[in-house]
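Here the structure is laid out as structure tokens; the discussion comes afterwards.
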Amino acid sequence: MTRPLRVLSLYEGFFAGGARILHSDVVAGLHGTGGHEHSVLSIASAAEREGTIQRMEDDLRYRRLSERGVAIEALGRVAGAQAPERSSFTDDELRIASAAVANADVVLSLKEQPIGVLLALADRGLMPDVPVAACLHRSDPLHSGPALGWLVEATATGLVTATVSCAESTSEAYARAGVSAGSRYVIDNGIDTQRFRPGTPDEVAETRALLGIEAGAPVVVFAARFDAMKDPGLFLRVVAEHSARRPDAHYVLCGAGMTWDNAAFRSLAAESGVVASRRVHALGIRDDMPSLYRIADIVALTSAFGEASPLCLVEGAACGATPVTTDVGDAARRVAGIGVVTSHDEREIASAWDDVFARRSDLRQAAVAAGPGFGRDRMVEDYRGVVEDLSAVALPTAIAG
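Here the sequence shown is numbered in full-length UniProt numbering, starting from 1 and rising by one per residue.
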């Protein structure tokens with residue numbers, strides 16, 4: 001009798017963010033293929049973040065995995081700014097978690113935050129002997145709060161046996177911070193290049209019309225949650241600087257909390273010199289990002305810290321937008337030859353935007369030409385190799401039952 005290789009992914013929760021997009025792509029890409037059977041245990045069933053309440057069932061990643069037949073179970077917590085402490089888990093929650101882990105051959109933890117539940121299992125003698133890999137997506141682990149300490153402890157004790165980082169900068173930063181897993185892998189991010197592609201003239205015209213943006217008007221897209229890591233204040237100050245000299249330009253902001261309904265966003269916009277107008281489109285969480293990137297001349301990133309391999313830059317580039325980014329994580333490497341890297345000075349960034357507008361045709365061609373190199377198939381297959389390494393099983397040979 002044979003059975004597939006069983007892989008459990010631990011999520012802090014299903015809410016907006018690049019890491020969840022990437023990991024869900026991996027799970028969807030591997031589930032049911034080559035002898036893989038994937039499942040998910042989510043600590044939270046809702047999240048209160050960036051001034052929004054995000055229900056698991058409303059999340060695009062949750063819906064996609066469910067449609068693919070991936071079994072998803074949740075402990076029912078509400079995710080907040082910090083992941084739950086190991087001592088906070090109840091006996092019932094730990095019984096659910098222990099059963100899920102015991103039914104897996106390999107466990108993948110999406111970032112370090114879910115490691116707390118594994119430590120809680122170990123504390124109470126409920127942790128099965130299963131290889132665990134932490135999938136890491138930051139370049140500044142010191143901003144991870146107590147979760148960094150959990151990961152350091154888990155690797156030191158052998159509870160976590162490997163790390164999988166989305167960038168060299170991530171792998172090196174966690175190693176410096178004391179994360180000592182026996183195996184370290186680096187897998188570059190990948191995207192769905194069938195979904196993220198240049199738009200047809202009709203698609204571009206339709207999206208511009210829906211947003212009230214004139215044909216040919218310059219567009220900057222900023223895809224980021226309302227969080228200090230993304231430095232939305234810097235982006236808004238650049239908008240104030242740039243819009244004064246480019247009255248034809250439009251600025252599209254997407255992500256959790258990026259909406260005029262968010263009082264903190266309104267306050268920061270006013271402080272930065274930006275007022276609500278038909279040229280500033282604060283759209284909040286969106287599930288139609290390809291259509292927004294397709295109308296963009298620039299995909300902007302102003303992050304102050306924490307980025308590893310920013311997903312928005314390659315998604316935008318694959319749709320034809322030129323990345324303009326601050327030098328964080330592996331961003332400079334990812335946009336080499338197709339984008340612009342700046343300091344954190346708003347005047348320099350505004351000038352860079354003007355330069356891109358002036359060279360739009362050539363830069364667009366370069367971005368589109370690079371698009372196929374960002375495909376996710378390679379990323380999924382690299383994860384397959386990691387899972388097989390950890391399980392010590394060479395697929396497609398099934399596991400003897």
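Just so you know, even glycine gets a beta-carbon here, dropped at the ideal spot from N, CA and C.
Open item on the list: Could you tell me the alpha carbon to alpha carbon distance between Glu271 and Val220, rounded to whole angstroms?
Closed with: Here residue 271 corresponds to residue number 271 of the sequence shown, with the count starting at 1. Here residue 220 corresponds to residue number 220 of the sequence shown, with the count starting at 1. Rounded to whole angstroms, Glu271 to Val220 spans 21 Å at the Cα level.
Open item on the list: Here's the rule I'm using: 16 or more other beta-carbon atoms within 10 Å means buried, otherwise exposed. How should Glu67 be labelled?
Closed with: Along the sequence shown, one-based indexing puts residue 67 at 67. Result: exposed.
Open item on the list: To the nearest angstrom, how far is the alpha carbon of Tyr185 from that of Arg378?
Closed with: One-based indexing of the sequence shown puts residue 185 at position 185. One-based indexing of the sequence shown puts residue 378 at position 378. Spanning the two alpha carbons is a distance of roughly 14 Å.
Open item on the list: Can you tell me whether Phe222 is helix, strand or coil according to DSSP?
Closed with: Numbered from 1 along the sequence shown, position 222 holds the residue referred to as residue 222. Note: Phe222 maps to strand in three-state DSSP.
TODO: Check whether the region 80-98 touches the region 281-291, taking contact to mean three or more Cβ pairs, one atom from each stretch, closer than 8 Å.
DONE: no
- [ ] Kindly indicate which residue of Ser309, Ala224, Ile298 has the alpha-carbon position closest to the one of Ala16.
- [x] Counting from 1 along the sequence shown, the entry for residue 16 is found at position 16. Of the listed residues, the one whose Cα sits closest to Ala16 is Ala224.
- [ ] Could you tell me whether the Cβ atoms of Thr302 and Lys230 are closer together than 8 Å?
- [x] What you label residue 302 is simply residue 302 of the sequence shown in a count that begins at 1. What you label residue 230 is simply residue 230 of the sequence shown in a count that begins at 1. Going by C-beta atoms, Thr302 is nearer than 8 Å to Lys230.
Open item on the list: Quick check for students: name the residue ranges of the alpha helix (DSSP H) that lie wholly in the region 326-367, counting only runs of 4 or more.
Closed with: 331-335, 346-358
Open item on the list: Applying the 10 Å Cβ sphere with the 16-neighbour rule, what's the burial state of Gly182?
Closed with: As a working note, residue 182 is residue 182 in the sequence shown. Classification for Gly182: exposed.
- [ ] Answer yes or no: does any C-beta atom of chain C fall closer than 8 Å to that of Val164?
- [x] No chain C appears in this structure, which consists of one protein chain only.
Open item on the list: Given a cut-off of 8 Å on the beta-carbon distance, is the pair Pro84 and Ile43 in contact?
Closed with: The residue given as residue 84 occupies position 84 in the sequence shown. The residue given as residue 43 occupies position 43 in the sequence shown. Contact: yes.
TODO: Let me know the secondary structure DSSP gives Gly145 once reduced to three states.
DONE: Locating residue 145 in the sequence shown gives position 145, where the first residue counts as 1. Note: Gly145 maps to coil in three-state DSSP.
Task: Cutoff 7 Å; reference Val204; Cβ partners in own chain excluding five residues on either side - done: As a first step, residue 204 must be located in the sequence shown, where it is residue number 204. Excluding sequence neighbours, Val204 sits near Arg294, Ile295.
Open item on the list: On the CB-based measure, 16 or more other CB atoms within 10 Å of its CB, does Leu210 come out buried or exposed?
Closed with: The sequence position of residue 210 within the sequence shown is 210, counting from 1. Its Cβ having fewer than 16 others within 10 Å, Leu210 is exposed.
- [ ] Using the DSSP secondary-structure output, state which residues sit across from Tyr11 in a beta bridge.
- [x] Looking up residue 11 in the sequence shown gives position 11. DSSP, once it has assigned bridges, lists Ser42 as partnering Tyr11.
Open item on the list: Is the beta carbon of Ala308 closer than 8 Å to that of residue 410?
Closed with: Residue coverage of the chain in this structure runs from 1 to 401, which leaves residue 410 outside it and unanswerable.
Task: Under 8 Å between C-beta atoms of Ala366 and Gly337 - done: Numbered from 1 along the sequence shown, position 366 holds the residue referred to as residue 366. Numbered from 1 along the sequence shown, position 337 holds the residue referred to as residue 337. Yes, the Cβ-Cβ distance between Ala366 and Gly337 is below 8 Å.
Open item on the list: If we require 4 or more residues per run, which alpha helix (DSSP H) segments fall completely within the region 197-242?
Closed with: 201-211
- [ ] Can you check the region 71-157 for any beta strand (DSSP E) of at least 3 residues that lies completely inside it and give the ranges in chain order?
- [x] 71-79, 106-110, 132-136
Open item on the list: Taking DSSP's pairing of strands, which residues face Gly375 in a bridge?
Closed with: Indexing the sequence shown from 1 puts residue 375 at position 375. Ile191, per the DSSP bridge assignment.
Open item on the list: Buried or exposed, going by whether 16 or more other CB atoms sit within 10 Å of the CB of His31?
Closed with: By 1-based counting over the sequence shown, the position of residue 31 is 31. That one is buried.
Open item on the list: Do Leu65 and Ala28 count as a contact pair if the criterion is CB distance below 8 Å?
Closed with: One-based indexing of the sequence shown puts residue 28 at position 28. One-based indexing of the sequence shown puts residue 65 at position 65. Yes, the pair counts as a contact, with Cβ atoms nearer than the cut-off.
Task: Under the three-state DSSP convention, the category His250 falls into - done: The residue you call residue 250 lines up with position 250 of the sequence shown. His250 falls in the strand class under three-state DSSP.
Open item on the list: In the DSSP output, what is Gly284 paired with across the bridge?
Closed with: Counting from 1 along the sequence shown, the entry for residue 284 is found at position 284. Bridge partners of Gly284: Cys254.
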